[in-house]
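Report on one structure; see the data block that follows.
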Amino acid sequence: MADLNQMLKMLGELDDQLVNCMRCGMCQSVCPVFAETGREADVARGKIALLEFLGHEMISDTKGVKDRLDKCLLCGSCAAACPSGVKAVDIFLKARAIVTAFIGLSPVKKAIFRGMLSKPKLFNNLLAIGTKFQGLFTSPVNDIIGSSCSKLLSPVLGDRHLLSLAAKPLRSVGNLNTAPGKSGLKVAFFYGCVVDKMFTTVGEAMLKVFKHHGVGVYMPIDQVCCGVPSLASGDMKSFEDLVRMNLKLFGKGDFDYIITPCGTCTSAFHHVWPLMCNDFSQEERAQIEMLAGKAMDINAFIADKLGVSVVESSVGAKKVTIHDPCHLKKSLGVSGQVRTVLKANPNLEVVEMSGSDICCGCGGSFNLQHYSVSTKIGKKKRDSIAATGADIVAAGCPACMMQIADMMSQAGDRIAVKHPVELYAQTLG
Amino acid sequence: MVSQSLKQAFATVVGSDNIMDAEADKHSYSYDAAVLDPVLPSLVVRPTTMEAMGKVVKLCNDNGLPITVRGAGSNLSGGTIPSKGGVVLLTNALDKILEINEEDMYAVVQTGAITAKFANAVAAKGLFYPPDPGSQAVSTLGGNVAENAGGLRGLKYGVTKDYVMGVNFFDVDGNWCKSGSKTVKCVTGLNIPQLMVGSEGTLAVMSEFILKLVPPPQTSKAMMAIFPDIMTASRTVSAIIAAKVVPCTLEFMDNFTIGAVEGYAKVGLPLDAGSLLLIEVDGHPGQVADDAEKVEKICKDNGCTRIQVAKDAVERNKVWEARRAALSSLARLRPTTVLEDATVPRSKIPAMMEALDKIAKDYKLTIGTFGHAGDGNLHPTILCDRRDKEEFHRVEQGVDAIFAAALALDGTLSGEHGIGLAKSRYMELETNKASVMYSKRIKAAVDPKNILNPGKILGE
Chain A
0 MADLNQMLKM LGELDDQLVN CMRCGMCQSV CPVFAETGRE ADVARGKIAL LEFLGHEMIS
60 DTKGVKDRLD KCLLCGSCAA ACPSGVKAVD IFLKARAIVT AFIGLSPVKK AIFRGMLSKP
120 KLFNNLLAIG TKFQGLFTSP VNDIIGSSCS KLLSPVLGDR HLLSLAAKPL RSVGNLNTAP
180 GKSGLKVAFF YGCVVDKMFT TVGEAMLKVF KHHGVGVYMP IDQVCCGVPS LASGDMKSFE
240 DLVRMNLKLF GKGDFDYIIT PCGTCTSAFH HVWPLMCNDF SQEERAQIEM LAGKAMDINA
300 FIADKLGVSV VESSVGAKKV TIHDPCHLKK SLGVSGQVRT VLKANPNLEV VEMSGSDICC
360 GCGGSFNLQH YSVSTKIGKK KRDSIAATGA DIVAAGCPAC MMQIADMMSQ AGDRIAVKHP
420 VELYAQTLG
Chain B
0 MVSQSLKQAF ATVVGSDNIM DAEADKHSYS YDAAVLDPVL PSLVVRPTTM EAMGKVVKLC
60 NDNGLPITVR GAGSNLSGGT IPSKGGVVLL TNALDKILEI NEEDMYAVVQ TGAITAKFAN
120 AVAAKGLFYP PDPGSQAVST LGGNVAENAG GLRGLKYGVT KDYVMGVNFF DVDGNWCKSG
180 SKTVKCVTGL NIPQLMVGSE GTLAVMSEFI LKLVPPPQTS KAMMAIFPDI MTASRTVSAI
240 IAAKVVPCTL EFMDNFTIGA VEGYAKVGLP LDAGSLLLIE VDGHPGQVAD DAEKVEKICK
300 DNGCTRIQVA KDAVERNKVW EARRAALSSL ARLRPTTVLE DATVPRSKIP AMMEALDKIA
360 KDYKLTIGTF GHAGDGNLHP TILCDRRDKE EFHRVEQGVD AIFAAALALD GTLSGEHGIG
420 LAKSRYMELE TNKASVMYSK RIKAAVDPKN ILNPGKILGE
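Here the protein sequences line up with chains A and B, keeping their order.
In terms of numbering that gives the first Met the number 0, the first sequence opens at residue 0 and continues consecutively.
In terms of numbering that gives the first Met the number 0, the second sequence opens at residue 0 and continues consecutively.
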């Protein structure tokens, strides 16, 4: 675009939403980034004001506004607490696309999103090579968490403690398309990038759950990223490409639900695709609406559709504490179901942490761009987890799992990081 | 404008990470929660030590730079808009609770401490800090003192001024000054702490406060009473007070607000109710039981059509849900929410409500009114779209008329939101020329260069 008038026009279309912010500033009480920095431009009210000023040509520094817009976890805490119901995350996603179109995508992001994420074959091959060589550059630091760190790569990775890429991606299971069993249900299984390439055990646990409960599974291995990472970076083109690739595989909708182990992927289907795909054809829009209705998180599916019972904890049960991922709880309202799923395992005792629904600070690419703020927020989460004395922390979102693993590993904790479905699957024969 | 060398001097004092002069950052400190035009500061500084804050004040005075102190920027009268440019001084890095003394029942806090966090810390020690302004989740105690913030508990427990025992501050030359003490009684010199309360940052830059704490009530009882019209509810308020019962909260909601709350929060309010009162009594269990019974009877005797007494914490929470949802329910109806706080003696509430009704008709405005009936502090809330110039002009005329009506009823311009920029031009209407001049002389004496939040309260 790079056309100022075009940008102003598009921001003008956002104006009706921007003006609903009454500047009360209540978002300051819940914003994890603001809690660390104390800067107005880091909180929703500040960002909304800047967008309004930009749209009304009171600010000329678009790049300055974009930088501040990017310093946001998109956790949705502000929107959930907003007295006047301003949908801040929706506004920020749209605004990032608008200003990015004007300024252009940074070369690094272009390489990641256009060059890699939206070219699934290349992405998969690159990571396969990474899997072979990762052991050469990293050394294990924590066997409970399974994390490593890398002196050699520290200029790129910082002090991060990373989890390894899986030896074989989940996709190596091959395409699945099985008929419903005793449950009478058939689901599409959208595993998401991180479960495919890193937390394959989460994907395997889900397949075990589907099998145990007699759920038919449609799992095409050509599925690609849900598009949210591209969109969060304002890259509409990659986002739209990815949505279309996925629609080809899932658009027919010959399944009851589309299930993911990731709060972000589920909310992509449920909320972000319908919100952002206005320029799609009528047929595509119909498919998107259909998927929005069928999208469901694995915890909600187990608790609400498969029906599991809460059981007494056995003697010597391991203590598990729960982190409520932002997109899972604040966007989808899934939190009680996670507890139900965990309490179905007699070998676990749930101990709640304080502030279980406070963001872990990952925020996808926020962690890459603002690692020091991300770490400060993450350390608070780590402290809340450690204070419970739990043996395990469960989080229904792979990105949160990575962030929490990094924080716990750096603190030297011996607390395992698991997805709730892994812990539930342990109870199944 | 601030020269490069001066900027460097500020950076030396507070650290370069704590000054902001990028265009986008300056814009994000150009507004507060008042519906007023934004004004850009030249520089934003965020001291992280008290010593640095004092040096910032001195630097500003030496260079004739206006200072606008900003806590959470939740001000509803424009008090934190840097209307003359200059420096915005952020207090949110100075947010420590220094002491909570259970023996002598006081606390010492820094200016940037958050009200709700402080109240919770006090509660955790088994004590009580009553002032609870609507913005308490974000507001700073410095802001509360500077505005003399109120809240829902004003009738029985008073407002911020009733809890300020001492104020430490920097004078305009950056000298640190002490006033008040940790004792119940103190007559050492002028009563400077109370001069600072409500001064809106025009007399000094405040640094720490000594705040009074009280024992918490042992128990409480909440109820919701529905009335066919405003008059019956209003008579009930007077009758409760006349019966020597002082509820800790006595809140009012008009028919329009009831409709808005029900439409949004769905708490089961009757849409045909003319008005409702939310009443809570607290104290010793025996007294609470007596008071609740009296209040219930008074409500019924005065024409209340339904009364719901909360039996437990869950029901109590439900009663208050309606009140908590009032402003947000109204705010969702239109883009812009102009929240006023003209206050009248409580016996004049019916007359004020009548006046508001007439103003809404005269200027074709949508006004929902709720607020603190027990202390006559109503919040007529005008719903509009500030982008519509014609409509907003009518809103401004309506606001003028609201002030005129409140003053005609022996009321006041502002019960708890402050004068700031929004109401400074009405000051003489409530007081007189000599009163305003007296205040101006005090300000001129302590701030000869007029750099401390210039233009606020007293106008030009």
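Glycine included, C-beta positions come from ideal geometry on N, C-alpha and C.
Query raised in the report: Mapping DSSP to helix, strand and coil, what is phenylalanine 437 (chain A)?
Result: What the structure shows of chain A is the stretch from 0 to 428, and residue 437 (chain A) is not part of that stretch, so it cannot be assessed.
**Report entry** the segment 369 to 381 of chain B in contact with the segment 151 to 167 of chain B per 3-pair CB rule at 8 angstroms
**Finding:** yes
**Report entry** 8 angstroms contact criterion, which glutamate 22 (chain B) and isoleucine 58 (chain A) should meet: CB distance rounded
**Finding:** Counting from 1 along the second sequence, the entry for residue 22 (chain B) is found at position 23. Counting from 1 along the first sequence, the entry for residue 58 (chain A) is found at position 59. With 8 angstroms as the limit, glutamate 22 (chain B) and isoleucine 58 (chain A) qualify as a contact, their Cβ atoms being about 6 angstroms apart.
**Report entry** 7 angstroms CB neighbourhood of glutamate 35 (chain A) in its chain, flanking five on each side removed
**Finding:** The count along the first sequence starts at 1 and reaches residue 35 (chain A) at position 36. Around glutamate 35 (chain A): Val372, Lys375, Ile376.
Query raised in the report: Going along the chain, which residues of its own chain have a beta-carbon closer than 6 angstroms to the beta-carbon of methionine 235 (chain A), five neighbours each way excluded?
Result: The residue labelled residue 235 (chain A) in the question sits at position 236 within the first sequence. For methionine 235 (chain A), where only same-chain residues beyond five positions count, the Cβ hits under 6 angstroms are Ala96.
Query raised in the report: glutamine 27 (chain A) versus chain B: which residues are under 7 angstroms apart at the beta carbon?
Result: Here residue 27 (chain A) refers to the residue found at position 28 of the first sequence. Neighbours of glutamine 27 (chain A) on chain B, chain order: Ala71, Val137.
**Report entry** Bounding residues of the beta strand (DSSP E) (the contiguous stretch that carries glutamate 207 (chain B))
**Finding:** Residue 207 (chain B) sits at position 208 when you count from the first residue of the second sequence. Its beta strand (DSSP E) spans residues 204 to 211.
Query - Closer than 7 angstroms to chain B by CB, methionine 6 (chain A) - result: Sequence index remark: in the first sequence, residue 6 (chain A) carries index 7 (1-based). Judged by the 7 angstroms Cβ criterion, methionine 6 (chain A) is not in contact with chain B.
Query - Whole-angstrom distance between threonine 90 (chain B) and arginine 45 (chain B), CA atom to CA atom - result: As a working mapping, residue 45 (chain B) is identified with position 46 in the second sequence. As a working mapping, residue 90 (chain B) is identified with position 91 in the second sequence. So the alpha carbons of these two residues sit roughly 7 angstroms apart.
Requested in this report: Can you tell me which of the three DSSP states glycine 180 (chain A) falls into?
Outcome: By 1-based counting over the first sequence, the position of residue 180 (chain A) is 181. Looking at glycine 180 (chain A) - three-state DSSP - the assignment turns out to be coil, as it is neither helix nor strand.
Query raised in the report: Residue range of the beta strand (DSSP E) that alanine 242 (chain B) falls in?
Result: Position 243 of the second sequence, counted from the first residue, corresponds to residue 242 (chain B). Run containing alanine 242 (chain B): none; DSSP gives neither H nor E here.
Query raised in the report: Roughly how many whole angstroms lie between the Cα atoms of glutamate 429 (chain B) and alanine 421 (chain B)?
Result: Residue mapping note: residue 429 (chain B) aligns to position 430 of the second sequence, counting from 1. Residue mapping note: residue 421 (chain B) aligns to position 422 of the second sequence, counting from 1. Straight-line Cα distance between these residues: approximately 15 angstroms.
Report task. Find the nearest neighbour of threonine 177 (chain A) within the set A:Arg159, A:Lys210, A:Ile301, judged by alpha-carbon distance. Result -> Residue numbering aside, residue 177 (chain A) sits at position 178 when the first sequence is read from its first letter. Taking only the C-alpha atoms, the option nearest threonine 177 (chain A) is A:Lys210.
Report task. Starting from aspartate 281 (chain B), follow its DSSP beta bridges and name the residues at the other end. Result -> Within the second sequence, the letter at position 282 stands for residue 281 (chain B). Aspartate 281 (chain B) pairs with B:Ser219.
Query raised in the report: What span of residues does the beta strand (DSSP E) with cysteine 71 (chain A) cover, start to end?
Result: As a position in the first sequence, residue 71 (chain A) is number 72, starting the count at 1. Counting along the chain, cysteine 71 (chain A) falls outside any beta strand (DSSP E), and DSSP gives it neither H nor E.
Requested in this report: Check whether the Cβ atoms of serine 327 (chain B) and proline 82 (chain A) sit closer than 7 angstroms, and answer yes or no.
Outcome: Position 328 of the second sequence, counted from the start, is the residue given in the question as residue 327 (chain B). Position 83 of the first sequence, counted from the start, is the residue given in the question as residue 82 (chain A). Yes, these two residues count as a Cβ contact at 7 angstroms.
Report task. Spatial neighbours of alanine 400 (chain B) within its chain, please: CB distance less than 6 angstroms, with the 5 preceding and 5 following residues excluded, ordered by chain position. Result -> Position 401 of the second sequence, counted from the start, is the residue given in the question as residue 400 (chain B). Around alanine 400 (chain B): Ile358.
Query raised in the report: Which residues in the same chain as aspartate 253 (chain B) place their Cβ atom closer than 6 angstroms to its Cβ, once the five residues preceding and following it in sequence are excluded?
Result: Position 254 of the second sequence, counted from the first residue, corresponds to residue 253 (chain B). Closer than 6 angstroms at Cβ, skipping near neighbours: Ser274, Thr368.
Query - Cross-chain neighbours of glutamine 60 (chain A) in chain B, by beta carbon under 8 angstroms - result: By one-based count along the first sequence, residue 60 (chain A) stands at place 61. Strictly speaking, residue 60 (chain A) in this sequence is aspartate, with glutamine absent from that position. Within chain B, the residues near aspartate 60 (chain A) are Ala21, Glu22, Ala23.
Query - lysine 181 (chain A) classed as buried or exposed, judged by whether at least 16 other C-beta atoms fall within 10 angstroms - result: As a working note, residue 181 (chain A) is residue 182 in the first sequence. Flag for lysine 181 (chain A) reads exposed.
Requested in this report: Would you kindly check if the distance between the Cβ of leucine 270 (chain B) and the Cβ of glutamate 279 (chain B) is under 7 angstroms?
Outcome: Counting from one through the second sequence, the residue named residue 279 (chain B) turns up at place 280. Counting from one through the second sequence, the residue named residue 270 (chain B) turns up at place 271. No.
Query raised in the report: On the three-pair Cβ rule with 8 angstroms, is the segment 26 to 46 of chain A touching the segment 295 to 305 of chain A?
Result: Result no; under three Cβ-Cβ pairs closer than 8 angstroms.
**Report entry** Segment limits, beta strand (DSSP E) that includes cysteine 383 (chain B)
**Finding:** Here residue 383 (chain B) is taken as the residue at index 384 of the second sequence, counted from 1. For cysteine 383 (chain B), the enclosing beta strand (DSSP E) has its first and last residue at 376 to 383.
Requested in this report: Report all residues from its chain with a CB closer than 7 angstroms to the CB of asparagine 62 (chain B); omit the five preceding and five following residues, and keep chain order.
Outcome: Stepping through the second sequence from its first residue, residue 62 (chain B) is reached at position 63. Here the set comprises Leu5.
Query raised in the report: Whole-angstrom Cβ separation of valine 12 (chain B) and valine 55 (chain B), contact assumed at under 8 angstroms?
Result: As a first step, residue 12 (chain B) is located in the second sequence; it is residue number 13 there, counting from the start. As a first step, residue 55 (chain B) is located in the second sequence; it is residue number 56 there, counting from the start. Contact flag correct, Cβ pair sits at about 6 angstroms.
Requested in this report: Figure out for me which residue from A:Thr61, A:Cys192, A:Asn141 has the closest Cα to the Cα of threonine 263 (chain A).
Outcome: Here residue 263 (chain A) refers to the residue found at position 264 of the first sequence. For threonine 263 (chain A), the nearest C-alpha among the options comes from A:Cys192.
Query raised in the report: Between the Cα of glycine 306 (chain A) and the Cα atoms of A:Leu422, A:Val208, A:Ala410, A:Lys46, which residue gives the shortest distance?
Result: Counted from its first residue, the first sequence places residue 306 (chain A) at position 307. Ranking A:Leu422, A:Val208, A:Ala410, A:Lys46 by Cα distance to glycine 306 (chain A) puts A:Val208 first.
Query raised in the report: Between the segment 138 to 146 of chain B and the segment 112 to 130 of chain B, do three or more beta carbon pairs fall short of 8 angstroms?
Result: yes
**Report entry** Supposed close pair proline 130 (chain B), threonine 159 (chain B) - CB separation, criterion 8 angstroms
**Finding:** Against the second sequence, residue 130 (chain B) aligns to sequence position 131. Against the second sequence, residue 159 (chain B) aligns to sequence position 160. Right, the Cβ-Cβ distance comes to about 5 angstroms (below 8 angstroms), so this counts as a contact.
**Report entry** Contact set between serine 27 (chain B) and chain A, taken where Cβ atoms lie within less than 7 angstroms
**Finding:** Locating residue 27 (chain B) in the second sequence gives position 28, counting from the first residue. Chain A residues near serine 27 (chain B): Glu39, Ala40, Gly45, Ala48, Leu49.
Report task. Within 10 angstroms of the Cβ of threonine 335 (chain B), are there 16 or more other Cβ atoms? Answer buried if so, exposed if not. Result -> Taking the first residue of the second sequence as 1, we reach residue 335 (chain B) at position 336. Buried: at least 16 other Cβ atoms inside 10 Å.
Report task. Starting from glycine 397 (chain B), trace the alpha helix (DSSP H) both ways and give me its first and last residue. Result -> Residue mapping note: residue 397 (chain B) aligns to position 398 of the second sequence, counting from 1. Looking at the DSSP string, the run of the alpha helix (DSSP H) that includes glycine 397 (chain B) is 388 to 407.
Query raised in the report: What do you reckon, are the CB atoms on glycine 414 (chain B) and lysine 455 (chain B) nearer than 7 angstroms?
Result: As a first step, residue 414 (chain B) must be located in the second sequence, where it is residue number 415. As a first step, residue 455 (chain B) must be located in the second sequence, where it is residue number 456. Contact flag unset, no.
Query raised in the report: Taking C-beta to C-beta, are lysine 318 (chain A) and alanine 386 (chain A) nearer than 7 angstroms?
Result: The residue labelled residue 318 (chain A) in the question sits at position 319 within the first sequence. The residue labelled residue 386 (chain A) in the question sits at position 387 within the first sequence. No, these two residues do not count as a Cβ contact at 7 angstroms.
Query raised in the report: Quick one, which residues of the segment 65 to 80 of chain A are near chain B if we go by CB-CB under 8 angstroms, in chain order?
Result: Asp66, Arg67
**Report entry** Chain-ordered neighbours of serine 149 (chain A) on chain B, where CB pairs are closer than 9 angstroms
**Finding:** The residue you call residue 149 (chain A) lines up with position 150 of the first sequence. Within 9 angstroms Cβ-Cβ: nothing; serine 149 (chain A) doesn't reach chain B, min ~29 angstroms.
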